[in-house]
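S.K.: Numbering-wise (the UniProt record's numbering), the sequence shown opens with residue 1 and increments by one.
Below is the structure I would like to discuss, written out as structure tokens.
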Amino acid sequence: MRFYSNLDLFQSSAASWRDNVFLDMAPEPAQPEELPESLRHYVGAVRKLAVWVFELLSESLGLASDRLAEMGCGESLKVACNYYPPCPEPHLTLGNTKHTDPTFLTVLLQDAVGGLQLVSNNGRFRSVEHRVLANQSADTARVSVAAFVDVGRSMRQYGPIQELTSPDGGNPPIYRSVMVEEFIAHFYRKGSEQTRPRLDYFKLE
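Okay, structure coming up:
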């Protein structure tokens, strides 16, 4: 369990006007006594939803329904509980700076503004850049819960799915294979507001 307000305070153009509680829920969850029962039930529902969404994504790519699950795309689940208090000068900051999520799937539960972002292979699915405005309400806080479903810190390499590429058939791989650790390190080294898409760094020449 971690508490924070800004992940890239010294790299972004403005500090984020928010507070966060960040929890690792899988593959090694926090102790049950550390979590409210409602959160445990919600996480269980998110995991079931993620399995269903990954099956649909696999089928939409023309793959077996369990293909993304076989790749370990849903092994990790982290939850960020976001609290955006009223901001006296919302024009000077943001609730969260523009960014994309370095995960396979984000499920967002919110009370004002929603969104679902996907990242997959070889340009077939694209991650959605998004941001959160500072809370302009005079007396009401904004609350959201983001569940990040991902591969975790696997030692496996990830790259374009072989069945979706054909080097000699007009659909060559666009990206090289990469270790999860290398991708995450590059993502956070560049900060959240860089203008060049992060995946461009991994494109093949």
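All residues carry an ideal CB built from backbone N, CA and C; glycine is no exception.
As the structure is a prediction and not an experimental result, all values here were calculated from the model.
Have a look at Glu181 and Pro90 and give me their C-alpha separation to the nearest angstrom.
M.R.: The residue labelled residue 181 in the question sits at position 181 within the sequence shown. The residue labelled residue 90 in the question sits at position 90 within the sequence shown. Computed Cα separation, rounded: 36 Å.
S.K.: Can you give the Cα-Cα distance for Leu164 and Asp19, rounded to whole angstroms?
M.R.: As a first step, residue 164 must be located in the sequence shown, where it is residue number 164. As a first step, residue 19 must be located in the sequence shown, where it is residue number 19. Rounded to the nearest angstrom, the two C-alpha atoms are 41 Å apart.
S.K.: Between Ser76 and Pro29, which are expected to be in contact by the criterion C-beta below 8 Å, what is the C-beta distance as a whole number of angstroms?
M.R.: Translated into the one-based positions of the sequence shown, residue 76 becomes position 76. Translated into the one-based positions of the sequence shown, residue 29 becomes position 29. That pair is no contact at about 11 Å.
S.K.: Name the DSSP bridge partner or partners of Thr106?
M.R.: Residue 106 sits at position 106 when you count from the first residue of the sequence shown. The partner list for Thr106 (beta bridge, DSSP) reads Phe148.
S.K.: Quick test of your reading: Leu204 and Pro167, contact by CB under 8 Å. State the CB separation rounded to the nearest angstrom.
M.R.: As a working mapping, residue 204 is identified with position 204 in the sequence shown. As a working mapping, residue 167 is identified with position 167 in the sequence shown. In fact, because the Cβ distance is near 11 Å, the residues do not count as touching under 8 Å.
S.K.: Cutting at 6 Å between CB atoms, please list the residues of its own chain near Asp150, excluding the five before and the five after it.
M.R.: Mapped onto the sequence shown, residue 150 falls at position 150. Once the five neighbours on either side are set aside, the close Cβ partners of Asp150 are Ser76, Thr103, Phe104.
S.K.: Could you tell me if the beta carbon of Leu49 falls within a distance shorter than 7 Å of some heavy atom in the ligand NAD?
M.R.: Among the components modelled here there is no ligand, and therefore nothing to report on the ligand NAD.
S.K.: Buried or exposed for Asn82, please, with buried defined as at least 16 other CB atoms from any protein chain shown within 10 angstroms of its CB.
M.R.: Taking the first residue of the sequence shown as 1, we reach residue 82 at position 82. By the 10 Å Cβ count, Asn82 comes out buried.
S.K.: Tell me which residue opens and which closes the beta strand (DSSP E) that Ala64 is part of.
M.R.: What you label residue 64 is simply residue 64 of the sequence shown in a count that begins at 1. Run containing Ala64: none; DSSP gives neither H nor E here.
S.K.: Have a look at Asn171 and Val107 and give me their C-alpha separation to the nearest angstrom.
M.R.: Looking up residue 171 in the sequence shown gives position 171. Looking up residue 107 in the sequence shown gives position 107. Their Cα atoms are separated by approximately 31 Å.
S.K.: If you draw a straight line from the C-alpha of Met25 to the C-alpha of Cys73, how long is it?
M.R.: Looking up residue 25 in the sequence shown gives position 25. Looking up residue 73 in the sequence shown gives position 73. Whole-angstrom Cα-Cα distance: 15 Å.
S.K.: If you run the structure through DSSP and keep just helix, strand and coil, what is Tyr4?
M.R.: Reading the sequence shown from its first residue, position 4 is the one you call residue 4. Three-state DSSP puts Tyr4 in a strand.
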